[in-house]
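First up is the structure itself, then whatever we jot down about it.
Residue numbers (this note's numbering), protein chains in the order written: chain L, 72 to 184; chain R, 12 to 124.
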């Protein structure tokens, strides 16, 4: 299995609190992505990174920020969590452009109450 | 923007063939993918097809691409109970050079013994 780890795997938090999810990889892949998965919506891209300190927005980026200070870690932050951000969050990594060699993490189930 | 549509459920008997269908709208799609998601896990790439191909076969999996109708299908021969999972269709094109795929909502395949 590819070396990609998400933490935490499960989290329950209160509305209005900040939350940070971590994606850690040991593959030295250049690209990292954060998706959310919701029933009826499939996977939707939140943000992605194409290198250290290089990030860009996806289709559902409102309410989320990201940081990548080193190759192996990509952090997703909810500055002030809302119930609409209750979801399963997946991190993915690719060595280059395209998803022919993509690996996904196990997911983080976040519940905002 | 791009749109990828799949039926939500498919139920088959063990040993039969399964055919999961997908339609997409982007005529400039370059890669089309099939991913599998088992319960509680991340997505796993099953196979992909380049847009200049009509068919790709890999053991029990056959992918058919009809570019004219923008229709992609995944056939699983001799379906087993272990094939029960959610199957995601995805397509990508070179938007800004990123090739980040757009995912469908997923088809839940249920295999009855």
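Built from N, CA and C at the ideal position, the CB exists for glycine as well.
Secondary structure of residue 74 of chain L (DSSP, three-state): coil. Flagged as an interface residue toward chain R: residue 171 of chain L, by a C-beta distance shorter than 7 angstroms.
From the beta-carbon of residue 103 of chain R, the residues of chain L found nearer than 8 angstroms are 169, 170. Nearest CB-CB separation between residue 76 of chain R and chain L: not below the 7 angstroms threshold. The three-state secondary structure of residue 134 of chain L, taken from DSSP, is coil. Under the Cβ distance rule, residue 83 of chain R does not count among the residues neighbouring chain L, no pair being separated by less than 7 angstroms. Residues are counted here when their Cβ sits less than 7 angstroms from a Cβ of chain R; for the segment 114-131 of chain L these are 114, 116, 119, given in chain order.
In this structure, DSSP gives residue 28 of chain R a state outside helix and strand, which the three-state scheme calls coil. Proximity of the segment 33-49 of chain R to the segment 121-141 of chain L falls short of the contact definition, fewer than three beta-carbon pairs being nearer than 8 angstroms. With contact defined as three or more Cβ pairs closer than 8 angstroms, the segment 158-176 of chain L and the segment 74-85 of chain R are not in contact. Under the DSSP assignment, residue 121 of chain R falls in the beta strand (DSSP E) whose first and last residues are 118-123. Taking the beta carbon of residue 56 of chain R as reference, the chain L residues within 9 angstroms of it are 170, 171, 172, 173, 174, 175, listed in sequence order. Using a CB distance cut-off of 7 angstroms, residue 178 of chain L counts as an interface residue toward chain R. Taking a C-beta distance under 7 angstroms as the contact criterion, residue 100 of chain L and residue 165 of chain L qualify as a contact pair. Residue-level contact by beta carbon holds for residue 115 of chain R and chain L, with a gap shorter than 7 angstroms. Residues of the segment 40-55 of chain R with a C-beta less than 9 angstroms from any C-beta of chain L: 41, 42, 44, 46, 48, 51, 52, 53, 54, 55, listed in chain order.
Here residue 137 of chain L has 118, 126, 147 as same chain residues with Cβ atoms under 6 angstroms from its own Cβ, once five neighbours each way along the sequence are excluded.
When DSSP reads this structure, residue 74 of chain R sits in a beta bridge with R:67, R:85.
For residue 90 of chain L, the enclosing beta strand (DSSP E) stretches over residues 90-96.
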